[in-house]
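See below for the structure under consideration.
2 protein chains.
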Amino acid sequence: MKKKITLKQIARELEVSISTVSKALKNSKEISRDTTEKIQAFAKLYHYKPNNIALSLKNRRTKNIGVIIPDIVHHFFTTVFRGIEKYADTRGYNVIACVSDESFEKEVINMEMLANGSIDGFIMALSAETQRKNDFHHLMEILDQGMPLVLFDRVTDEVICDKVVINDFESAYMATKKLIEDGRKRIALITTESYLNVSEKRAQGYCNALKDHGLELDKNLILRLPYQFEDEKKSEAFFASTNMDAVLCVNEIFAVRAMRIAQANGKKIPEDISFIGFTDGIISKLANPALTSIAQHGERMGNVAAKMLIEKIEQDDEIEQEEATYKTEVIEATLIERESTIN
Amino acid sequence: MKKKITLKQIARELEVSISTVSKALKNSKEISRDTTEKIQAFAKLYHYKPNNIALSLKNRRTKNIGVIIPDIVHHFFTTVFRGIEKYADTRGYNVIACVSDESFEKEVINMEMLANGSIDGFIMALSAETQRKNDFHHLMEILDQGMPLVLFDRVTDEVICDKVVINDFESAYMATKKLIEDGRKRIALITTESYLNVSEKRAQGYCNALKDHGLELDKNLILRLPYQFEDEKKSEAFFASTNMDAVLCVNEIFAVRAMRIAQANGKKIPEDISFIGFTDGIISKLANPALTSIAQHGERMGNVAAKMLIEKIEQDDEIEQEEATYKTEVIEATLIERESTIN
DNA sequence: GTTAACAACGAAAACGGTTTCGTGTTGATA
DNA sequence: TATCAACACGAAACCGTTTTCGTTGTTAAC
Numbered sequence: 001m002k003k004k005i006t007l008k009q010i011a012r013e014l015e016v017s018i019s020t021v022s023k024a025l026k027n028s029k030e031i032s033r034d035t036t037e038k039i040q041a042f043a044k045l046y047h048y049k050p051n052n053i054a055l056s057l058k059n060r061r062t063k064n065i066g067v068i069i070p071d072i073v074h075h076f077f078t079t080v081f082r083g084i085e086k087y088a089d090t091r092g093y094n095v096i097a098c099v100s101d102e103s104f105e106k107e108v109i110n111m112e113m114l115a116n117g118s119i120d121g122f123i124m125a126l127s128a129e130t131q132r133k134n135d136f137h138h139l140m141e142i143l144d145q146g147m148p149l150v151l152f153d154r155v156t157d158e159v160i161c162d163k164v165v166i167n168d169f170e171s172a173y174m175a176t177k178k179l180i181e182d183g184r185k186r187i188a189l190i191t192t193e194s195y196l197n198v199s200e201k202r203a204q205g206y207c208n209a210l211k212d213h214g215l216e217l218d219k220n221l222i223l224r225l226p227y228q229f230e231d232e233k234k235s236e237a238f239f240a241s242t243n244m245d246a247v248l249c250v251n252e253i254f255a256v257r258a259m260r261i262a263q264a265n266g267k268k269i270p271e272d273i274s275f276i277g278f279t280d281g282i283i284s285k286l287a288n289p290a291l292t293s294i295a296q297h298g299e300r301m302g303n304v305a306a307k308m309l310i311e312k313i314e315q316d317d318e319i320e321q322e323e324a325t326y327k328t329e330v331i332e333a334t335l336i337e338r339e340s341t342i343n
Numbered sequence: 344m345k346k347k348i349t350l351k352q353i354a355r356e357l358e359v360s361i362s363t364v365s366k367a368l369k370n371s372k373e374i375s376r377d378t379t380e381k382i383q384a385f386a387k388l389y390h391y392k393p394n395n396i397a398l399s400l401k402n403r404r405t406k407n408i409g410v411i412i413p414d415i416v417h418h419f420f421t422t423v424f425r426g427i428e429k430y431a432d433t434r435g436y437n438v439i440a441c442v443s444d445e446s447f448e449k450e451v452i453n454m455e456m457l458a459n460g461s462i463d464g465f466i467m468a469l470s471a472e473t474q475r476k477n478d479f480h481h482l483m484e485i486l487d488q489g490m491p492l493v494l495f496d497r498v499t500d501e502v503i504c505d506k507v508v509i510n511d512f513e514s515a516y517m518a519t520k521k522l523i524e525d526g527r528k529r530i531a532l533i534t535t536e537s538y539l540n541v542s543e544k545r546a547q548g549y550c551n552a553l554k555d556h557g558l559e560l561d562k563n564l565i566l567r568l569p570y571q572f573e574d575e576k577k578s579e580a581f582f583a584s585t586n587m588d589a590v591l592c593v594n595e596i597f598a599v600r601a602m603r604i605a606q607a608n609g610k611k612i613p614e615d616i617s618f619i620g621f622t623d624g625i626i627s628k629l630a631n632p633a634l635t636s637i638a639q640h641g642e643r644m645g646n647v648a649a650k651m652l653i654e655k656i657e658q659d660d661e662i663e664q665e666e667a668t669y670k671t672e673v674i675e676a677t678l679i680e681r682e683s684t685i686n
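Here is the structure:
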């Protein structure tokens with residue numbers, strides 16, 4: 001078992017100083033050709049690689065970015081994560097992943113852990129509880145310390161920082177409009193109970209589309225389900241008691257569940273009822289019938305978020321003082337038409 | 344913008360030495376009550392938290408563990424990841440996640456990046472390419488450096504280290520046996536093309552179960568699909584040309600795809616054909632009909648892997664020299680019966 | 001009135017690097 | 001022969017901690 005070799009050991013072995021070794025390995029021209037070659041050969045032989053921790057301490061830069069997401073067994077979030085990881089990789093950054101589990105407290109704890117030097121910046125989506133409590137002091141604090149932060153998807157206006165979101169309102173509007181243009185008159189909405197900003201925006205888009213096209217908003221056509229827990233009975237009751245010819249769902253899981261219930265009730269999809277869901281994941285593709293859904297392009301989102309973050313991190317050196325400027329990037333969602341709607 | 348405060352700054356401000364501050368914050372009884380209180384008050388006021396990087400350097404312990412998985416947008420792997428993260432969290436460890444993307448090279452690069460001090464140990468599942476090439480020198484190297492390693496799911500006998508796997512052979516055997524006992528005679532297997540050890544073991548279990556129950560192995564009943572890329576035509580041809588009354592699939596995606604093709608061919612599930620898949624994810628639950636599948640208990644697996652790793656990490660101090668002993672934990676998979684089989 | 005013990009604190013080394021700033025040696029130049 | 005660059009290298013500071021080992025000043029004991 002050979003522990004990793006250090007500069008000091010190389011120096012001792014070769015009877016030179018630590019500084020000489022360090023310089024030789026960086027091809028400094030201060031060091032003679034002979035010595036440099038000797039040192040480099042020795043280093044290669046022993047697989048010398050500088051210790052990242054030491055470098056981080058010296059450079060005050062870890063080359064790590066922290067990602068905090070509400071859930072990891074979740075198609076959309078992992079998609080974003082992949083985008084982040086891929087981009088980070090190209091820039092030599094590692095990703096430390098934390099899961100808040102939709103809990104405010106875990107979010108705070110995780111942030112505090114990471115903020116003490118472990119990372120150079122954060123990318124995160126707010127937990128449901130955080131959005132409900134409307135408490136963002138932990139975000140303010142890390143911003144105050146000068147640590148870059150990029151919020152994605154689950155964002156809030158109360159924190160001033162870089163953000164990347166999809167056009168939730170517009171895409172829900174477009175989807176609803178499509179249903180209307182398909183001749184649908186009684187369009188239902190299945191959304192979440194808890195206060196998630198994305199769901200709200202989607203609901204807004206839905207409402208506005210109805211209004212703009214002369215359909216009136218029927219509260220009975222809106223079903224609010226708990227975000228995490230399944231409530232099959234509530235959905236069944238909804239379908240049993242309500243008459244509708246189309247359904248817009250704020251995620252694909254709601255949509256597929258709803259389709260099953262509708263089918264069990266003898267409805268034909270899309271002839272009797274059309275379905276559109278958000279999040280174009282594997283579930284949408286494999287559903288029977290395949291679900292028309294709104295692709296959120298999570299990987300792009302992750303890419304953009306990582307890019308924004310790293311740019312901020314690396315400019316921080318140069319500009320330092322100058323007042324930071326923040327932007328919000330909007331990723332355009334696109335409707336992927338499949339079998340659950342008529343076309 | 345207040346940058347994080349350091350011991351040195353507190354010391355200067357309070358006109359004491361750095362050592363005094365450090366000790367006071369740890370409630371050392373070397374320091375007087377007065378001084379301690381003063382220092383602690385000041386530290387709290389400025390939200391002092393020790394710098395993790397400095398601690399890591401000093402303790403030669405990062406409290407980070409590296410997780411390398413082939414894919415992140417993948418139900419089973421994220422489930423394991425969640426298990427790892429949850430356990431790590433309880434022990435005060437952070438998780439650095441890298442994705443090998445099924446590529447040997449990326450796996451090597453990622454490992455090298457992390458092995459230079461960033462983490463205290465690895466948890467990983469081998470990439471497909473690594474398994475195909477049978478090249479494990481990178482694993483050997485990090486083991487040789489004394490860094491703990493736990494392999495899960497995609498493991499190999501050629502590397503001696505801790506492992507956690509499911510009983511692939513037995514569970515495939517049991518599933519096949521169940522199909523036989525249900526009266527099925529022509530049981531197909533849909534597995535992967537590339538050489539993944541888990542697929543092979545499952546195939547073995549399938550074959551042995553057939554043999555033990557007096558059914559002969561028909562090569563025409565075995566379909567090998569590319570792991571990542573969809574090959575719908577190949578599957579369709581398979582179903583068109585082959586007569587079968589049951590199908591065992593090595594993952595749920597294969598299974599759901601296959602069900603759709605069978606249904607399109609006018610087959611009734613489970614009356615005409617039964618289906619069983621591996622990986623009991625959301626896809627199995629939402630499929631129509633719901634898919635009977637073999638739960639791999641990924642979260643448990645992650646839990647166990649993390650526990651094994653952290654134990655090894657933390658015992659390393661004490662025992663140091665003593666020859667390490669490695670174990671392989673087996674997580675028992677369980678069959679979840681749903682609508683795609685008769686019961 | 002010594003001396004020993006103790007309380008309260010500081011100096012310095014160490015973790016593993018990078019980098020600035022000497023310093024001694026050489027060869028060329030005046 | 002004295003002077004000066006250039007060359008090749010080392011010493012030391014620094015990043016932010018922890019921890020060992022002094023070093024004081026005070027007090028109790030003899």
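Chains as they are written, first to last, in the numbering used here: chain A, 1 to 343; chain B, 344 to 686.
From the three backbone atoms N, C-alpha and C, an ideal C-beta is built for every residue, glycine too.
Since the structure is predicted, the reported quantities are computational estimates derived from the model, not experimental observations.
Spatial neighbours of residue i within its chain, please: C-beta separation below 6 Å, excluding the five flanking residues on both sides.
i         : result
Arg545(B) : Asp511, Ala515 and Val593
Ile261(A) : Ser235, Glu236 and Phe239
Pro270(A) : Ser340, Thr341 and Ile342
Phe122(A) : Gly66 and Leu149
Lys655(B) : Pro491
Gly641(B) : Phe419, Thr422 and Val423
Ile72(A)  : Val99
For a test of the three-state rule: what should DSSP assign to residue i, helix, strand or coil?
i         : result
Lys285(A) : helix
Phe76(A)  : helix
Asn563(B) : helix
Gly460(B) : coil
Thr519(B) : helix
Ala386(B) : helix
Ile5(A)   : coil
Ala633(B) : coil
Gly489(B) : coil
Ile84(A)  : helix
Val67(A)  : strand
Tell me the rounded alpha-carbon separation between residue i and residue j.
i         : j         : result
Val359(B) : Met147(A) : 29 Å
Arg527(B) : Ala518(B) : 12 Å
Ile523(B) : Glu428(B) : 39 Å
Ala334(B) : Ala386(B) : In the structure as shown, chain B begins at 344 and stops at 686. Residue 334(B) is therefore absent and cannot be evaluated.
Asn288(A) : Asn631(B) : 6 Å
Arg529(B) : Lys554(B) : 13 Å
Ile565(B) : Ala601(B) : 13 Å
Ile412(B) : Met467(B) : 6 Å
Leu286(A) : Asp144(A) : 46 Å
His218(A) : His74(A)  : The amino acid at residue 218(A) is misidentified as His; the sequence shows Asp. Going by the C-alpha atoms only, they are around 31 Å apart.
Val507(B) : Glu666(B) : 20 Å
Val423(B) : Ala24(A)  : 44 Å
Glu373(B) : Gln383(B) : 15 Å
Gln547(B) : Thr499(B) : 16 Å
Phe621(B) : Ile596(B) : 9 Å
Val304(A) : Gly281(A) : 20 Å
Could you tell me which residues DSSP puts in a beta bridge with residue i?
i         : result
Thr677(B) : Ala638(B)
Ile509(B) : Ile674(B)
Val359(B) : According to DSSP, which records beta bridges pairwise, Val359(B) is partnered with nothing at all.
Ile187(A) : Ala246(A)
Gly277(A) : Cys249(A) and Ser293(A)
Beta-carbon within less than 8 Å of residue i's beta-carbon, same chain only, minus the 5 sequence neighbours each way: which residues are those?
i         : result
Leu678(B) : Ser514, Met517, Ala518, Lys521, Ile619, Thr635, Ser636, Ile637 and Ala638
Lys49(A)  : Lys4
Asn27(A)  : Thr36
Spatial neighbours of residue i within its chain, please: CB distance less than 7 Å, with the 5 preceding and 5 following residues excluded, ordered by chain position.
i         : result
Tyr358(A) : Residue 358(A) lies beyond the stretch modelled for chain A, which goes from 1 to 343, so this question has no answer here.
**Asked** Mind pulling the beta strand (DSSP E) runs of 3 or more residues that sit fully within the region 538-617 of chain B?
**Response** Entirely contained in the region 538-617 of chain B, the beta strand (DSSP E) runs reaching 3 residues are, in chain order, 565-568 and 589-592.
**Request:** Mind listing, in chain order, the continuous alpha helix (DSSP H) runs of no fewer than 4 residues lying wholly within the region 432-486 of chain B?
**Result:** 447-458 and 471-476
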